[in-house]
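Undergrad: The structure's right below; bear with me while I get my questions together.
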Amino acid sequence: MAKFNDKISTILNSQLPEFVVADHPKFAEFLKVYYQLLESAELSIDTIEGTDGILLQSETGQTNNLVLNSSRKDTARTLLDAGDKILLEESTYGKFTRGETITGQTSKATAVVLVEDITNNRLIISAQDKFAESEIVVGSSSGAQANITNYKPNPVNNIVDLVNFRDPDNAISYFLTNMRDEFLATLPEQTAAGVDKRKLIKNIKSMYRSKGSVRGHAIFFRILFGENSETIYPREQMLKASDGQFDSLKVLRVISSVGDPNQLIGRTITGGTSGATAIIENTSQFQIGASTVTQLILNSDSILGTFTVGEEVTGTSADTDDYFIKANITGIPGNKNITNDGSLNATTDTISITAGGEGALFQVEEIGPGSVTDIVIDNAGTGYEIGDALTFTNTDTGGGNATGFVKVVNGGFADQNGSVASATGVEDRIVLEDETTRGDPYQGVRIVQEKFTGLQTIDELFLTNGGSQYTSLPTVSVTSSTGSNATVRAFGTDIGKVVKVKTVEVGRSFENSPTPPTLGFFNNGIVTSVSGTFLATNSITSSSGGSGTIVNLDADRGLLKIKDVTGTFAIDDTLTSATSGTCTLKKLDVASASVDVVSVADTDGAFISERGKLSETTMRIQDSLYYQDFSYVIKVGQSIARWRDAFKKTMHTAGFYFTGQVDIESRITVTAGGPVKGVTSGREETPFLQIANTLFSTIFGRRLGTSTDGTSLRANAHLEGSLDVSNDFRDPFSSNTRDLTVTREGITIDYLSRPRNIITDNSGVRHDVRSGYAYGGPRYSSLNRYANTAFGTSATGSYANTFQNLNALRVTGTKTTLDGQPVPIFLLTSNTIGKTLSMKYAFPTQTGFNQNLFSNTLVRFDSNTIKFDDTNP
Numbered sequence: 099m100a101k102f103n104d105k106i107s108t109i110l111n112s113q114l115p116e117f118v119v120a121d122h123p124k125f126a127e128f129l130k131v132y133y134q135l136l137e138s139a140e141l142s143i144d145t146i147e148g149t150d151g152i153l154l155q156s157e158t159g160q161t162n163n164l165v166l167n168s169s170r171k172d173t174a175r176t177l178l179d180a181g182d183k184i185l186l187e188e189s190t191y192g193k194f195t196r197g198e199t200i201t202g203q204t205s206k207a208t209a210v211v212l213v214e215d216i217t218n219n220r221l222i223i224s225a226q227d228k229f230a231e232s233e234i235v236v237g238s239s240s241g242a243q244a245n246i247t248n249y250k251p252n253p254v255n256n257i258v259d260l261v262n263f264r265d266p267d268n269a270i271s272y273f274l275t276n277m278r279d280e281f282l283a284t285l286p287e288q289t290a291a292g293v294d295k296r297k298l299i300k301n302i303k304s305m306y307r308s309k310g311s312v313r314g315h316a317i318f319f320r321i322l323f324g325e326n327s328e329t330i331y332p333r334e335q336m337l338k339a340s341d342g343q344f345d346s347l348k349v350l351r352v353i354s355s356v357g358d359p360n361q362l363i364g365r366t367i368t369g370g371t372s373g374a375t376a377i378i379e380n381t382s383q384f385q386i387g388a389s390t391v392t393q394l395i396l397n398s399d400s401i402l403g404t405f406t407v408g409e410e411v412t413g414t415s416a417d418t419d420d421y422f423i424k425a426n427i428t429g430i431p432g433n434k435n436i437t438n439d440g441s442l443n444a445t446t447d448t449i450s451i452t453a454g455g456e457g458a459l460f461q462v463e464e465i466g467p468g469s470v471t472d473i474v475i476d477n478a479g480t481g482y483e484i485g486d487a488l489t490f491t492n493t494d495t496g497g498g499n500a501t502g503f504v505k506v507v508n509g510g511f512a513d514q515n516g517s518v519a520s521a522t523g524v525e526d527r528i529v530l531e532d533e534t535t536r537g538d539p540y541q542g543v544r545i546v547q548e549k550f551t552g553l554q555t556i557d558e559l560f561l562t563n564g565g566s567q568y569t570s571l572p573t574v575s576v577t578s579s580t581g582s583n584a585t586v587r588a589f590g591t592d593i594g595k596v597v598k599v600k601t602v603e604v605g606r607s608f609e610n611s612p613t614p615p616t617l618g619f620f621n622n623g624i625v626t627s628v629s630g631t632f633l634a635t636n637s638i639t640s641s642s643g644g645s646g647t648i649v650n651l652d653a654d655r656g657l658l659k660i661k662d663v664t665g666t667f668a669i670d671d672t673l674t675s676a677t678s679g680t681c682t683l684k685k686l687d688v689a690s691a692s693v694d695v696v697s698v699a700d701t702d703g704a705f706i707s708e709r710g711k712l713s714e715t716t717m718r719i720q721d722s723l724y725y726q727d728f729s730y731v732i733k734v735g736q737s738i739a740r741w742r743d744a745f746k747k748t749m750h751t752a753g754f755y756f757t758g759q760v761d762i763e764s765r766i767t768v769t770a771g772g773p774v775k776g777v778t779s780g781r782e783e784t785p786f787l788q789i790a791n792t793l794f795s796t797i798f799g800r801r802l803g804t805s806t807d808g809t810s811l812r813a814n815a816h817l818e819g820s821l822d823v824s825n826d827f828r829d830p831f832s833s834n835t836r837d838l839t840v841t842r843e844g845i846t847i848d849y850l851s852r853p854r855n856i857i858t859d860n861s862g863v864r865h866d867v868r869s870g871y872a873y874g875g876p877r878y879s880s881l882n883r884y885a886n887t888a889f890g891t892s893a894t895g896s897y898a899n900t901f902q903n904l905n906a907l908r909v910t911g912t913k914t915t916l917d918g919q920p921v922p923i924f925l926l927t928s929n930t931i932g933k934t935l936s937m938k939y940a941f942p943t944q945t946g947f948n949q950n951l952f953s954n955t956l957v958r959f960d961s962n963t964i965k966f967d968d969t970n971p
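Encoded structure:
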């Protein structure tokens with residue numbers, strides 16, 4: 099609605115001369131009404147819901163209505179200033195009345211009715227350009243309703259509002275539609291409830307600027323559906339080479355002396371001695387021993403200079419602070435220097451530290467692979483031969499391809515003392531000269547004894563191939579057809595070597611003596627001659643004076659792990675456990691490392707996402723559609739069919755592929771509360787479902803049954819059943835009754851049975867003949883008919899059936915023991931079953947015919963008669 103100070107009718111009296119207002123009030127009132135008319139608007143309406151008038155009967159047929167308490171009349175229906183009205187039963191609304199306010203139900207715009215012309219379907223109202231086309235207006239006092247079809251302001255009002263129509267806030271509904279077509283062309287007409295299109299047109303530019311972004315997508319779906327959306331990029335789940343996200347932090351630890359270092363987040367600290375500065379990104383605080391330690395995470399790009407251990411650092415929590423927060427830097431472990439990589443380590447091994455500080459924890463983070471370098475004989479066994487193969491079991495070792503065989507059995511020859519070399523090979527032996535073995539593909543210079551000289555115990559093994567990529571030891575056995583009881587162990591100097599040490603916790607005060615710290619690794623050794631028990635956490639000692647704590651003993655590999663070692667553990671030492679178990683140490687290679695003490699340390703870092711990891715199940719290989727760099731997924735709680743076209747026109751970026759996804763965020767199970775009253779029955783109960791079956795009093799049963807299923811036909815089955823309202827889940831019909839009887843249709847069974855064809859041979863053996871029958875061709879029944887028949891020009895020679903020929907027949911095709919037997923002619927030809935068997939016999943035949951010879955002079959070409967008494971044709 100235009101402002102009152104913009105309308106002439108509201109200021110007219112103040113603009114007229116005083117004498118005109120005083121002497122000619124009717125003229126002043128006329129001018130005011132005239133300008134009100136110029137400033138008014140016509141509102142075209144239809145579907146009017148008003149009152150019916152009372153038509154008075156007249157002799158002349160004039161249309162007159164009853165007027166109740168009305169001061170003025172405008173038309174025959176009292177449209178101008180009607181007072182009381184009579185409402186008929188068919189209407190619940192009054193008609194629009196002059197002076198009442200009407201309100202648009204969609205736009206919420208209001209105007210005052212100046213004149214009502216229901217006959218012509220229009221209202222003259224005070225100018226209001228915010229009404230929307232097709233919306234419903236309702237009278238505030240009459241309750242009348244109508245649907246707007248058009249809005250037409252008067253010229254004076256148009257002139258006043260013309261400039262304002264450039265602003266969506268002031269444009270009329272018709273112009274606003276044109277603006278929508280111009281600025282919101284790609285958006286659907288229907289948007290979310292509560293979206294003001296006038297404000298949307300004014301601010302749509304910000305959405306267009308966000309096209310193709312997550313923010314733009316979120317704005318789009320809030321406009322359309324009033325819902326939040328989520329944009330997912332499948333490229334974030336796409337496996338790429340070298341795409342891992344690894345992060346490491348710059349850590350400085352301090353012990354506070356003044357103030358709280360946690361207030362230094364985002365502030366700059368300065369070293370009191372070094373003058374170094376850095377910005378704090380984050381802090382954390384914890385207790386180590388008797389001291390409260392604060393860990394400061396430094397911004398790596400902001401560090402200037404080098405902080406020193408023990409110096410005081412200062413900083414303020416705000417620029418207006420008048421005091422410094424002070425703390426002293428404590429030394430922490432920095433770089434780890436591996437001096438010996440050792441062997442047989444595992445990534446689960448912990449590491450002890452010897453230093454003046456406390457609280458630090460280390461662990462083996464990465465081990466390297468290696469090959470088998472030695473085979474240790476634990477039990478030499480008996481009965482083995484040179485060449486017996488070594489079998490390596492490589493399960494869960496990471497490596498493979500190790501091979502070897504038995505090289506020496508029974509031992510070699512010892513020195514002149516005459517003693518026989520032991521299986522361990524400790525004593526000296528007589529060997530061949532260097533040039534003796536030139537050209538021999540195998541190494542070794544020992545002289546061995548002949549076969550069967552001794553018990554053929556294994557004296558030495560030969561490793562043909564040490565294999566590769568072993569991170570843990572394989573188990574080894576000797577495969578032999580004659581030997582037994584041998585036990586051998588594998589060892590590799592590089593298997594399980596320490597590649598990287600991880601700092602789990604840096605602790606504090608490692609500048610104190612002894613410094614720099616040293617790291618203590620597990621003693622991982624190969625042992626033989628194990629007897630007794632070696633229990634974890636029990637103590638163990640060596641014959642060289644060393645001691646430690648047992649971690650575990652792998653009996654299959656002979657691998658003994660010991661931690662917290664003090665003193666010496668040497669090769670061939672006898673080890674004794676707290677439970678009196680003993681063994682001999684044969685192989686040992688202990689890792690060693692030292693640590694630098696620094697003020698600022700880099701953490702070992704960690705992957706902050708699963709990108710680039712082959713083992714990650716959520717990562718996918720790139721394809722040509724979904725998992726690629728130029729695709730995205732819109733997650734919103736609406737079907738993609740409702741928004742796909744509008745989204746493609748408004749927000750979608752060319753060259754990209756998108757799809758929609760609907761996720762169920764929650765499932766709601768709603769049960770009716772109570773009390774609930776049945777509309778039909780009037781019964782009231784809580785909850786509603788308990789009386790659902792009792793709302794209707796008539797129940798008909800139609801349970802089917804048969805005369806043989808154990809049910810009986812219910813009496814009066816065509817009548818309804820009784821209802822028990824106290825038990826609404828009770829079955830109103832008995833479970834062993836039926837209402838309709840189903841009759842089974844009779845079953846006709848056609849059974850085709852093959853008769854048993856039993857033939858008893860001359861020996862009395864019964865044969866069940868199921869095969870070999872002839873449905874065409876010669877059968878044994880044919881012999882009865884043609885046995886004595888001549889099949890030639892004479893009944894002698896090869897043109898007649900003879901017993902000799904018939905005796906050569908054999909039974910075939912019956913798949914019984916009759917097959918291959920001489921045919922018992924009279925048995926088969928006199929037996930009904932035998933007559934139908936196929937016969938492999940062709941009757942001898944000769945074909946003869948008479949002919950007239952042209953050389954016969956008695957036959958003339960002109961003679962048409964051949965005489966039967968002609969003996970020389």
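Every number in my numbering is 98 more than the matching position in the sequence shown, counting from 1.
Ideal Cβ placement from N, Cα and C applies to all residues, glycine included.
Drop a sphere of 10 angstroms on the beta-carbon of N563, count the other beta-carbons inside from all chains shown, and report buried for 16 or more, exposed for fewer.
TA: Indexing the sequence shown from 1 puts residue 563 at position 465. Counting other Cβ atoms within 10 Å of its Cβ, N563 stays below 16 and is therefore classed as exposed.
Undergrad: Taking C-alpha atoms, which residue in L916, Y421 and S311 lies nearest to S861?
TA: Within the sequence shown, residue 861 is the residue found at index 763, counting from 1. Selected option, being the one with the closest Cα: L916.
Undergrad: State buried or exposed for F705, treating a residue as buried only when at least 16 other CB atoms are found within 10 Å of its CB.
TA: Along the sequence shown, read from residue 1 onward, the residue named residue 705 stands at position 607. With fewer than 16 other Cβ atoms within 10 Å, it is exposed.
Undergrad: Straight-line CA distance for S578 to V649?
TA: Along the sequence shown, one-based indexing puts residue 578 at 480. Along the sequence shown, one-based indexing puts residue 649 at 551. Rounded to whole angstroms, S578 to V649 spans 35 Å at the Cα level.
Undergrad: Just to confirm, are K733 and I330 a CB contact at a threshold of 8 Å?
TA: Taking the sequence shown and counting its residues from 1, one reaches residue 733 at position 635. Taking the sequence shown and counting its residues from 1, one reaches residue 330 at position 232. Yes; because the gap between Cβ atoms is below 8 Å, this pair is in contact.
Undergrad: With respect to the alpha helix (DSSP H) encompassing V118, which residues constitute its N-terminal and C-terminal limits?
TA: Mapped onto the sequence shown, residue 118 falls at position 20. E116 to D121 is the span of the alpha helix (DSSP H), which, as asked, contains V118.
Undergrad: Could you check how far apart the C-beta atoms of K595 and D439 are, in whole angstroms? I think they sit under 8 Å.
TA: Looking up residue 595 in the sequence shown gives position 497. Looking up residue 439 in the sequence shown gives position 341. Contact holds; Cβ gap of about 4 Å.
Undergrad: Express the C-alpha separation of T445 and Y568 in angstroms, rounding to a whole number.
TA: Within the sequence shown, the letter at position 470 stands for residue 568. Within the sequence shown, the letter at position 347 stands for residue 445. Rounded to the nearest angstrom, the two C-alpha atoms are 14 Å apart.
Undergrad: DSSP three-state call for N380: helix, strand or coil?
TA: Residue numbering aside, residue 380 sits at position 282 when the sequence shown is read from its first letter. Three-state result, N380: strand.
Undergrad: Would DSSP call E325 helix, strand or coil?
TA: Along the sequence shown, one-based indexing puts residue 325 at 227. The answer is coil: DSSP assigns E325 none of H, G, I, E or B.
Undergrad: Could you spell out the range, first to last residue, of the beta strand (DSSP E) harbouring I106?
TA: Translated into the one-based positions of the sequence shown, residue 106 becomes position 8. Here I106 belongs to no beta strand (DSSP E); instead the alpha helix (DSSP H) covers I106 to Q113.
Undergrad: Using 8 Å as the cut-off, can you tell me whether the segment 690-701 makes contact with the segment 309-318, which would need three or more C-beta pairs spanning the two stretches below that distance?
TA: Short answer: they don't touch.
Undergrad: Count Cβ pairs between the segment 405-425 and the segment 578-589 that sit closer than 8 Å; are there 3 or more?
TA: no
Undergrad: Given that a residue counts as buried once 16 or more other Cβ atoms are within 10 Å of its Cβ, and exposed if not, what is S570?
TA: Working through the sequence shown from its first residue, we reach residue 570 at position 472. S570 is buried by the Cβ-count criterion.
Undergrad: So for M305, helix, strand or coil by DSSP?
TA: Counting from one through the sequence shown, the residue named residue 305 turns up at place 207. Of the three classes helix, strand and coil, the one that applies to M305 here is helix, per DSSP.
Undergrad: Tell me the start and end of each unbroken beta strand (DSSP E) in the segment 596-659 that is at least 3 residues and wholly inside, in chain order.
TA: You should have 616-618, 621-629, 637-640 and 645-652.
Undergrad: Pick from S805, T809 and S880: whose alpha carbon is nearest that of E843?
TA: Taking the sequence shown and counting its residues from 1, the one referred to as residue 843 is at position 745. Comparing Cα positions, the closest option is S805.
Undergrad: Strictly by DSSP, which residues pair up with A56?
TA: Look at the range of the chain in this structure, 99 to 971, and you will see that residue 56 is not part of it.
Undergrad: For the alpha helix (DSSP H) containing S880, name the first residue and the last one.
TA: Numbered from its first residue, the sequence shown carries residue 880 at position 782. Counting along the chain, S880 sits inside the alpha helix (DSSP H) bounded by residues S879 to Y884.
Undergrad: Okay, do the segment 108-119 and the segment 222-240 touch, 3+ Cβ pairs below 8 Å being the bar?
TA: no
Undergrad: I669: buried (16+ other C-beta within 10 angstroms of its C-beta) or exposed?
TA: Numbered from its first residue, the sequence shown carries residue 669 at position 571. With fewer than 16 other Cβ atoms within 10 Å, it is exposed.
Undergrad: Label F117 either buried or exposed according to how many other C-beta atoms from any shown protein chain fall within 10 Å of its C-beta, with 16 as the threshold for buried.
TA: As a first step, residue 117 is located in the sequence shown; it is residue number 19 there, counting from the start. Counting other Cβ atoms within 10 Å of its Cβ, F117 stays below 16 and is therefore classed as exposed.
Undergrad: Would you say V663 and L561 are within 8 Å of each other, going by their C-beta atoms?
TA: Counted from its first residue, the sequence shown places residue 663 at position 565. Counted from its first residue, the sequence shown places residue 561 at position 463. Against a cut-off of 8 Å, the Cβ pair of L561 and V663 comes out as no contact.
Undergrad: Helix, strand or coil for Y331 per DSSP?
TA: Within the sequence shown, residue 331 is the residue found at index 233, counting from 1. Coil at Y331, not helix or strand.
Undergrad: With DSSP as the reference, identify every bridge partner of T664, one or two as the case may be.
TA: Looking up residue 664 in the sequence shown gives position 566. DSSP output for T664 lists S645 as bridge partner(s).
Undergrad: For I856, does the three-state DSSP call read helix, strand or coil?
TA: Start at 1 with the first residue of the sequence shown, and residue 856 comes out as number 758. Correct three-state label for I856: strand.
Undergrad: Which residue wins for smallest C-alpha separation from D45, given the options R333, L811 and A244?
TA: The first residue shown for the chain is 99 and the last is 971, placing residue 45 beyond what the model contains.
Undergrad: Spatial neighbours of L298 within its chain, please: C-beta separation below 8 Å, excluding the five flanking residues on both sides.
TA: Taking the sequence shown and counting its residues from 1, one reaches residue 298 at position 200. Here the set comprises L282, T289 and I321.
Undergrad: Compute the Euclidean distance between the alpha carbons of K295 and T368, then round it to the nearest angstrom.
TA: On the sequence shown, position 197 is the one that residue 295 refers to. On the sequence shown, position 270 is the one that residue 368 refers to. One C-alpha to the other measures close to 56 Å.
Undergrad: Return the chain-ordered list of same chain residues with a C-beta closer than 7 Å to the C-beta of R877, the five sequence neighbours on each side being excluded.
TA: One-based indexing of the sequence shown puts residue 877 at position 779. Closer than 7 Å at Cβ, skipping near neighbours: K933, T934, L935, S936 and M937.
Undergrad: If distances are taken between C-alpha atoms only, which option among T927, T199 and S737 comes closest to Y884?
TA: Counting from one through the sequence shown, the residue named residue 884 turns up at place 786. Minimum Cα distance to Y884 is reached at T927.
Undergrad: On a Cα-Cα basis, can you pick out the residue from K659, I430, N929 and G498 that is closest to D859?
TA: Position 761 of the sequence shown, counting from 1, holds the residue named residue 859. Minimum Cα distance to D859 is reached at N929.
Undergrad: Alpha carbons only, please: which of P572, H816 and R742 is nearest the one belonging to G496?
TA: In the sequence shown, residue 496 corresponds to position 398, counting from 1. The shortest Cα separation from G496 among P572, H816 and R742 belongs to P572.
Undergrad: What does the alpha-carbon distance come out to for the pair K193 and A207?
TA: Along the sequence shown, read from residue 1 onward, the residue named residue 193 stands at position 95. Along the sequence shown, read from residue 1 onward, the residue named residue 207 stands at position 109. Cα-Cα distance, rounded: 20 Å.
Undergrad: Between which two residues does the alpha helix (DSSP H) holding R742 run?
TA: Sequence index remark: in the sequence shown, residue 742 carries index 644 (1-based). Looking at the DSSP string, the run of the alpha helix (DSSP H) that includes R742 is I738 to T748.
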